[in-house]
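Numbers 2 to 190, taken from the numbering used here, label the letters of the sequence shown in order. All remarks here apply to the structure that follows.
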Amino acid sequence: MNRFNTFYNDLELNTLYEFCRRDGTPYTFQRGEYFAHEGKPCRHIGLVMSGYFNYATTDTSGSGIIVGFAFAGEFVTLFHSSVADTPSAVSIIAGTRSEVLLVPIDKFKNFLAESPMQFHAAISDALFQTLYNRYLDLYRFSPKERYLQLLAKSKDIINTVPLQDLASYLMITPQYLSRLRREITAGDD
Numbered sequence: 002m003n004r005f006n007t008f009y010n011d012l013e014l015n016t017l018y019e020f021c022r023r024d025g026t027p028y029t030f031q032r033g034e035y036f037a038h039e040g041k042p043c044r045h046i047g048l049v050m051s052g053y054f055n056y057a058t059t060d061t062s063g064s065g066i067i068v069g070f071a072f073a074g075e076f077v078t079l080f081h082s083s084v085a086d087t088p089s090a091v092s093i094i095a096g097t098r099s100e101v102l103l104v105p106i107d108k109f110k111n112f113l114a115e116s117p118m119q120f121h122a123a124i125s126d127a128l129f130q131t132l133y134n135r136y137l138d139l140y141r142f143s144p145k146e147r148y149l150q151l152l153a154k155s156k157d158i159i160n161t162v163p164l165q166d167l168a169s170y171l172m173i174t175p176q177y178l179s180r181l182r183r184e185i186t187a188g189d190d
């Protein structure tokens, strides 16, 4: 799968990958198992080796909403919550059986403390820019345009992530996403 989280393209993360491979403990999350809970500080960083994770929050009616994903080859954590030891605004839940190299947050904080300060700043800046662009895209693009951008960024996502989770991420109903998919497929003929 192409990189879903494009901020990785803007960062030099080889030392972080090496750190997780060296200090990480292999752990298997089953589908639906929580990596982090909304309202609690995130206690780990992980390098996803296989599978994927949903980042989810809860709306005022109590329904879960998917706000992001972490796929194989990407890191799974709540960066600010982990580093600042603050309650998380989202939960991280395994979308399928997922293999992770898991590192306790204290080791990650030590790694950051030993890293150049610009490394920490670069991660924060890249995450902020990604989130800000996603926020603006909700205003700039129609649901169909956002779906087409999602496919252009990661065509395999439709084979990996269930329709209802993609619809939640796009902030549309599963029924509307099904209609969009049919419309796009019909247009390909």
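Here a beta-carbon is modelled for each residue, glycine too, at the ideal position from N, C-alpha and C. Predicted model only: the values in this text are computed from it and were never measured.
Exercise. Identify, in the order they occur along the chain, each residue of the same chain with its Cβ nearer than 8 Å to the Cβ of residue 25, setting aside the five sequence neighbours on each side.
Key: 47, 48, 101, 102, 103, 104
Quiz item: Going by C-alpha distance, which of 62, 74, 44 is nearest residue 53?
Solution: 74
Self-check item: residue 40 versus residue 188 - alpha carbon distance
Solution: 44 Å
Exercise. Please name the residue, chosen from 142, 125, 8, 96, that lies closest to residue 160 on a Cα-to-Cα basis.
Key: 96
Quiz prompt | Expected contact under 8 Å - CB spacing of residue 76 and residue 20 to nearest Å | solution = Contact flag wrong, Cβ pair sits at about 10 Å.
Quiz prompt | Contact set for residue 175: own chain, Cβ-Cβ below 6 Å, skip 5 residues either direction | solution = 164, 165, 168
Quiz item: When DSSP builds the beta bridges, which residues end up paired with residue 39?
Solution: Answer is none; residue 39 lacks a bridge partner.
Quiz item: Which of the three DSSP states, helix, strand or coil, is assigned to residue 51?
Solution: strand
Quiz item: Within 10 angstroms of its Cβ, does residue 129 collect 16 or more other Cβ (buried), or is it exposed?
Solution: exposed
Quiz item: So is residue 181 buried or exposed if we call it buried at 16+ other beta carbons inside 10 Å?
Solution: buried
Practice problem: Express the C-alpha separation of residue 172 and residue 9 in angstroms, rounding to a whole number. | Solution: 24 Å
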